[in-house]
Amino acid sequence: MPVTVETPTEKWAGKVREITLGATAAEGGTRTSTVTVGGEGTMPFLHFEGETPHRPVVAIEIYDIAPQDWSPILMDYWGDVVNDVVAWAKKAVELGADAIALTLRGAHPEVNDRSPEDSARVVKDVLAAVGVPLIVYGPGAPDKDNEVLVAVAEATAGERLALGLCEQNNYRTIAAACMGSGHIAVARAPIDVNIQKQLNILISDMGLPLDRILMDPTTGALGYGLEYTYSVMERLRLAALQGDAMTQQPMICTAGHEAWRAKESKVGEGVPEAWGDWKERGIAWETVTATSLIEAGADILVMRHPEAVAIVKKTIDQLVAK
Amino acid sequence: MALTGLQIYKLLPKTNCKECGVPTCLAFAMKLATKSAELSACPYVTEEAKNELEAASAPPVRLVSIGADGRKIEVGNETVLYRHDKTFYHQPGLVVRVKDTQSADEIKAVADAVCGYCVERVGLSLNVDGVAIENASGDTSAFAKAIEVVGSNANVALVLMSSVPATLDTVMPMVADRRPLLYAADAGNWQAMAEVARKYKSPLAVKVDCGDLSALATLTEDITKAGVTDLMLDPGTRSMVDSLQAMTKIRRLALRKNFRPLGFPMISFPGEGASSPLEEVAAASQHIAKYGGVIVLDHFDPTLIYPLLTLRQNIYTDPQKPIQVKPDVYPIHEPDANSPLLITTNFSLTYFTVAGEVEASGVPAWLLIADSEGLSVLTAWAAGKFDAEKIKKAVQTSGILDKIAHKRLIIPGYVAGMSGEIEEELPGWEIRVGPREAVDLSSYLKSLRS
Ligand code: B12
Ligand code: SF4
C-alpha cells in the first residue's frame, strides 16, 4: 500500500536581519562590490521551509604586519605578500575573497605599537587597492582597539566597514564610532545566548541601527570547543526564527584564526602518525571547522587558507542550490 | 511517543476485574503510562491491543546494530533534533568502501588500514568502524573473494553492497555470523532482499531515488510486514543540499510525528556527490552533524579521517557534561621531590593537551589538577572556578605536599594576572608563570632544567 509522506515544515514567525557590508560610490563609499548577508527564514538551507536570500560569504583574513605565529603552511601560501598589506589584500581577492578581514595587529602595544593615524592609513591603502568590502579588527588590546578603531572609522566614513570587536566590557567607544561614520559593529559574546542578546541590546540602545550590528558568537575550533559554538549558533538561529528580534543579527565566525591555533594545524613534527599529512590536515581542520559552522547558521566565515576557502565556497554553492 | 493513561485505557478490556492487582482498568492504565506496571499483569488484554501498545512505546528511531563481536555499529534511538535539547546518543558509524574490481592487495591495504587505525583524543580512542564491500564487478566470485580479503580482519563491521539478492544469498554464509548490513533493497528487488535479510537475520538498507520519501516509506512498510525490522534508510540524495533536506525531513518525521515508516537510522554516501577527497570530507562533516547513521566514505586517509572522528566526538559529546578527568596529582616520567610542579584544570581537553606536552618534553614533572568542574583554563578563570583560593585548596588537599620538597608552582600563562593573589594565598611559595600555549611547554621545562 503506497504511503504518502507529508513534508514536515515548521512555520517561523521571524527571520534573520539583512545586512550589507561595503558602500559603492553611489552609496557614499568607494567599493566596487558589496556583500549582503542574512535574511534567512529557515534553519540553514532547508529550502522547502523558508528562504535563504543570500549565500554565506567568505572573508580572507590578512594582517597589517607579517604575522609572527602563523603556521608555516599558511606562510607557504602568503609568505610572498605578508610584508606588504596591499599586495596581500589583492592576492586574497584574486583567490576568491568575498571580503577582506584586516587585523591591525601592528598597532598592538607589544608588537609594533603603530599609531592610530598610521593604522587608519593602512586601512585606506587597502581600500584603495581592492574593491571588496572590508572587516577591520583592532589589535586585540582593549584600549588600543578603541583608539585605533575610532581613527579608522573617521578616516573611512561612509565605507560601511565592519569594525570589531565590541565586547561586553568594551563596546561603547567602537559602537559610537560606527554610529558616527556609517559603519557596522561586530558584537562578540563568549558562546552565550543571553550575553549575546544583551550585548546586541546595549549596542542598539546606544542608537546604532540593528541593520548595522553583526554578531560573533565566539568560535571554538574543531576539537577545541566547536560543539559549544555550534550549539549556541543553532540556539541563536532558532530564537531569531521564533521572532526574538534581538537575536536576528547575521553571524560572523573566525574559523581561520581558531582552526590555525590548533596543534593539529600548527605542528608538523612529533605528532602521532595517525594524524596524517600535516599540510592537508591543517587545511582539512579549517575546512571542517568552517563547514560545520555554516551548517549551524554562519553568515560570514573569516578564513585563512585559500585551499580551505575554495572548498568552503564550493560547499556554499552546493548548499544554496535549490 | 509515549501514550497517555487515557489512550492506554481505551485499549484495555474495561471490565475492572482487578486481576492485575489494581482496582480498575483505568488505574492500571495510569500505572502503565508511568511505567510502574507491566502489561503482562493483565491476562485479558487482546493481541491487537498488545501490539499497538508495544509499537507506541518503541523508540521513534529504531536502534539498529551492525556487526557482532569486535567493532559494532549501533545507531538510532535518537530523541532530539538539536543536540542542545538533550544530547545525541549513538554516533554514526564511519565505514570505508572498497570495490571488488580493485586488486586483492588494494582491498587488503584499505581493510588493514581501517582496522588498524586508532587515534587518541582527550583520553578516548577513536576508531573507524568498518568496511563496505561493493559488488561493482557484478560477478559473484569476485565479490566473494573481496569479502574474504576484508573478512580476515575480524575486527571491523561490514556492509555488503549488491542489488542482486541471489548474490548476497550466495556470499552471506561466509560472514553471516558477523551481522553485516545488506545494501540495498529497492522497489525492484525488495521481496527477495527481505528474504535474504530474514534468512540470515541481518539488518537491511532500503533505498529509493532522489529523496522520494513516500516511496521510501512505502518500501519500509512492505518490508517490515515481510518480517524484517532492522532497517536503514538511504533516501538516495547525493548532493549536500538534497541530503541535508531529506535527512532532516526523515529525522523530523520520526521524532515530531512519530512516523514509523521512516523511524530508522540512515546510511549516506558523501563521496558520491563530491569531486575531491576534501569535498567528501566537507559533505561527511554535514552527515555527522545532521543525522547520519552509517557514513560510507570512498577514501581512507588519516589526514581526512582524523578531523571527521574529532567532529564526531565533538557533536556527540553530552552538552551538559564536559569530558573531565579526576582532580588529582598526576606524575609524569617518574618525578622526584625536586621535579617541577604544574597546575591546570580538570577539563579533559586541557588536561590531555598539557599532559601530552609535558610527556613529550621528557622532563619528569608533577601535574596537579584542580577541580574546575570540567572547564578549560580561561573559561574556569572567567567563571571563578580556577581562582587563587581553588588553587590553594588543590595544593593543600591533593597530597602533593608529601611528594615534593620545594615550593614552586607553575601556572598557565593565560592566568598570569593571578600570580600575586596566589602568592598571598600560599605564603612562602614562588609562583612561576608558564607559557600561554601548551605547545611551548617542552622548551619551557627544558629551560628550567638548564
Ligand atoms: C569552549 C568555551 C567555553 C565553553 C566551556 C568549555 C569548557 N568545558 O571549558 C562554554 C560555552 C560553556 C564557555 C562558557 C564560558 N566562557 Co568560554 N570559552 C570557550 C572557548 C571557545 C574555548 C575554550 C577551550 O576549550 N580551550 C581549549 C583548552 C585546551 O584551552 P586551555 O584550557 O586554556 O588550555 C590551554 C592553555 O591555557 C595551556 N595550558 C593549560 N593548562 C596549563 C598549565 C600550565 C602550567 C601551562 C604553562 C599552560 C597551560 O595549554 C592549553 C593549550 O594551549 C574560549 C575561546 C577560545 N576560542 O579559546 C572561550 C573563553 C575561554 N570563555 C570565556 C568566557 C568569558 C566564558 C564565560 C564566563 C561566559 C559566560 N557565558 O558567562 C562562561 C563561563 C562558564 C560558566 N559560567 O559556567 C572567555 C574568557 C575571557 C577571559 N580572557 O577571561 C573566552 C576566552 C572567550 C572570550 N574571548 O571571551 N566557554
Ligand atoms: S486485569 Fe486487565 S481487565 Fe482486569 S482490571 Fe486489570 S486491566 Fe482491567
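Chains as they are written, first to last, in our numbering: chain L, 1 to 322; chain Z, 323 to 772.
Every residue, glycine too, gets a C-beta built ideally from N, C-alpha and C.
Beta carbon proximity, Thr4(L) to chain Z, threshold 7 Å: As a position in the first sequence, residue 4(L) is number 4, starting the count at 1. Taking Cβ atoms only, chain Z reaches closer than 7 Å to Thr4(L), which makes this a yes.
Can you find a heavy atom of ligand 4 that lies under 6 Å from the Cβ of Ala704(Z)? In terms of ligand content, the structure shown lacks ligand 4 and carries ligand 1 and ligand 2 instead.
According to the Cβ coordinates, are Thr34(L) and Pro109(L) closer than 7 Å? Indexing the first sequence from 1 puts residue 34(L) at position 34. Indexing the first sequence from 1 puts residue 109(L) at position 109. No, these two residues do not count as a Cβ contact at 7 Å.
Given a cut-off of 7 Å on the beta-carbon distance, is the pair Ala596(Z) and Asp556(Z) in contact? Counting from one through the second sequence, the residue named residue 596(Z) turns up at place 274. Counting from one through the second sequence, the residue named residue 556(Z) turns up at place 234. The answer is no: Cβ separation not under 7 Å.
Please indicate yes or no: does the CB of Lys322(L) lie closer than 6 Å to some heavy atom of ligand 2? To locate residue 322(L), count along the first sequence from 1; it is residue 322. Incorrect: Lys322(L) has no Cβ contact closer than 6 Å to ligand 2.
At a CB-CB cut-off below 9 Å, which residues of chain Z make contact with Leu226(L)? What you label residue 226(L) is simply residue 226 of the first sequence in a count that begins at 1. Chain Z residues near Leu226(L): Thr632, Leu633, Asn636 and Ile637.
Let me make sure I understand the geometry here. Which of Gly182(L), Arg172(L) and Ala129(L) has the alpha-carbon closest to that of Ala153(L)? For the purposes of this step, residue 153(L) is taken as the residue at position 153 of the first sequence. It is Gly182(L) whose Cα lies nearest to the Cα of Ala153(L).
Check distances from the C-beta atoms of the segment 467–494 of chain Z to those of chain L and list, in chain order, the residues that come in under 7 Å. none
Could you give the first and the last residue of the continuous alpha helix (DSSP H) run that contains Glu602(Z)? Here residue 602(Z) is taken as the residue at index 280 of the second sequence, counted from 1. Its alpha helix (DSSP H) spans residues Pro599 to Ala611.
Residue nearest to Cys339(Z) in terms of C-alpha spacing, selected from Ile388(Z), Ala363(Z) and Lys715(Z): The count along the second sequence starts at 1 and reaches residue 339(Z) at position 17. Of Ile388(Z), Ala363(Z) and Lys715(Z), the residue nearest in Cα terms is Ala363(Z).
Cα-Cα, which of His412(Z), Tyr522(Z) and Glu743(Z) is closest to Lys712(Z)? Your numbering for residue 712(Z) matches position 390 in the second sequence. Nearest option by C-alpha distance: Glu743(Z).
Are three or more beta carbon pairs between the segment 460–475 of chain Z and the segment 483–502 of chain Z nearer than 8 Å? yes
Under the three-state reduction of DSSP, which class applies to Glu159(L): helix, strand or coil? Numbered from 1 along the first sequence, position 159 holds the residue referred to as residue 159(L). Looking at Glu159(L) - three-state DSSP - the assignment turns out to be coil, as it is neither helix nor strand.
So with CB distances below 8 Å, who are the chain Z contacts of Ile60(L)? Sequence index remark: in the first sequence, residue 60(L) carries index 60 (1-based). Per Cβ cutoff of 8 Å: no residues; Ile60(L) is ~18 Å from chain Z at best.
Output, in chain order, the set of chain Z residues within a Cβ distance shorter than 8 Å of Lys144(L). Sequence index remark: in the first sequence, residue 144(L) carries index 144 (1-based). The premise fails here: Lys144(L) is roughly 18 Å from chain Z at the closest Cβ pair, so nothing lies under 8 Å.
Quick check: the Cα distance between Asn475(Z) and Gln567(Z), rounded to an integer number of angstroms? One-based indexing of the second sequence puts residue 475(Z) at position 153. One-based indexing of the second sequence puts residue 567(Z) at position 245. When rounded, the distance between both Cα atoms is 36 Å.
Run through DSSP, which three-state label would Val267(L) get? As a working mapping, residue 267(L) is identified with position 267 in the first sequence. Here Val267(L) sits in coil by DSSP.
Taking 7 Å as the cut-off, decide whether the C-beta atoms of Ser231(L) and His406(Z) are in contact. Within the first sequence, the letter at position 231 stands for residue 231(L). Within the second sequence, the letter at position 84 stands for residue 406(Z). Cβ distance < 7 Å, so Ser231(L) and His406(Z) count as in contact.
Can you tell me whether Asn668(Z) is buried or exposed? The criterion is at least 16 other CB atoms within 10 Å of its CB, across all chains shown. For the purposes of this step, residue 668(Z) is identified with residue 346 of the second sequence, where counting begins at 1. The C-beta of Asn668(Z) has 16 or more other C-beta atoms within 10 Å across all chains shown, which makes the residue buried.
Checking 7 Å against the spacing of the C-beta atoms, do Ile395(Z) and Val420(Z) come in under that value? Your numbering for residue 395(Z) matches position 73 in the second sequence. Your numbering for residue 420(Z) matches position 98 in the second sequence. No. Outside cutoff.
Cβ closer than 9 Å: which chain L residues qualify as neighbours of Arg443(Z)? Along the second sequence, one-based indexing puts residue 443(Z) at 121. Those within 9 Å of Arg443(Z) in chain L are Gly223.
At what residues does the alpha helix (DSSP H) containing Cys347(Z) begin and finish? To locate residue 347(Z), count along the second sequence from 1; it is residue 25. Cys347 to Ala355 is the extent of the alpha helix (DSSP H) around Cys347(Z).
Cβ neighbour criterion (16 or more within 10 Å) applied to Gln642(Z): Here the question's residue 642(Z) lines up with position 320 in the second sequence. So Gln642(Z) ends up on the exposed side.
Quick one: does Gln168(L) have its CB under 7 Å from some CB of chain Z? Counted from its first residue, the first sequence places residue 168(L) at position 168. Gln168(L) does not count as touching chain Z.
Is any heavy atom in ligand 2 found nearer than 6 Å to the beta carbon of Glu40(L)? Residue numbering aside, residue 40(L) sits at position 40 when the first sequence is read from its first letter. Answer for Glu40(L): no, Cβ out of range of ligand 2.
Within 10 angstroms of its Cβ, does Ile201(L) collect 16 or more other Cβ (buried), or is it exposed? Counting from 1 along the first sequence, the entry for residue 201(L) is found at position 201. Answer is exposed; the Cβ neighbour count stays below 16.
What distance in whole Å lies between the Cβ atoms of Cys532(Z) and Gly510(Z), which are believed to be in contact at a cut-off of 8 Å? Here residue 510(Z) refers to the residue found at position 188 of the second sequence. Here residue 532(Z) refers to the residue found at position 210 of the second sequence. Going by Cβ atoms, the distance from Gly510(Z) to Cys532(Z) rounds to 16 Å, so no, they are not a contact pair.
Within 6 Å: the Cβ of Lys521(Z) and any heavy atom of ligand 2? The residue you call residue 521(Z) lines up with position 199 of the second sequence. No, the beta carbon of Lys521(Z) sits no closer than 6 Å to any heavy atom of ligand 2.
Report yes if the C-beta distance between Ala221(L) and Thr289(L) is below 7 Å; otherwise report no. Reading the first sequence from its first residue, position 221 is the one you call residue 221(L). Reading the first sequence from its first residue, position 289 is the one you call residue 289(L). Result yes, Cβ atoms of Ala221(L) and Thr289(L) sit closer than 7 Å.
Ligand 1 heavy atoms versus the CB of Ile732(Z): any closer than 6 Å? Indexing the second sequence from 1 puts residue 732(Z) at position 410. At least one heavy atom of ligand 1 is nearer than 6 Å to the Cβ of Ile732(Z), so yes.
Please state if the CB of Ile645(Z) and the CB of Ala611(Z) are separated by a distance shorter than 7 Å. Position 289 of the second sequence, counting from 1, holds the residue named residue 611(Z). Position 323 of the second sequence, counting from 1, holds the residue named residue 645(Z). In this structure, Ile645(Z) does not lie closer than 7 Å to Ala611(Z) by Cβ.
Compile a chain-ordered list of the residues in the segment 273–286 of chain L whose CB is closer than 8 Å to at least one CB of chain Z. If the cut-off is 8 Å between Cβ atoms, the segment 273–286 of chain L has Glu273, Ala274, Trp275, Gly276, Asp277, Glu280, Arg281, Ile283, Ala284 and Trp285 near chain Z.
Who are the Cβ neighbours of Leu541(Z) in its own chain at under 8 Å, not counting the five residues just before and after it? For the purposes of this step, residue 541(Z) is identified with residue 219 of the second sequence, where counting begins at 1. The residues are Ala507, Asp508, Ala509, Trp512, Val528 and Val530.
Buried or exposed (CB count within 10 angstroms, at least 16 for buried), Met773(Z): The structure shown does not extend to residue 773(Z), since chain Z is modelled only from 323 through 772, so no value can be given for it.
Would a C-beta distance cut-off of 7 Å place Gly268(L) and Gly14(L) closer than the cut-off? For this step, residue 268(L) is matched to residue 268 along the first sequence. For this step, residue 14(L) is matched to residue 14 along the first sequence. Not closer than 7 Å, so no.
Have a look at the DSSP bridge pairing and note the partners of Thr20(L). In the first sequence, the residue the question calls residue 20(L) occupies position 20. Note: Thr20(L) sits in a beta bridge opposite Thr36(L).
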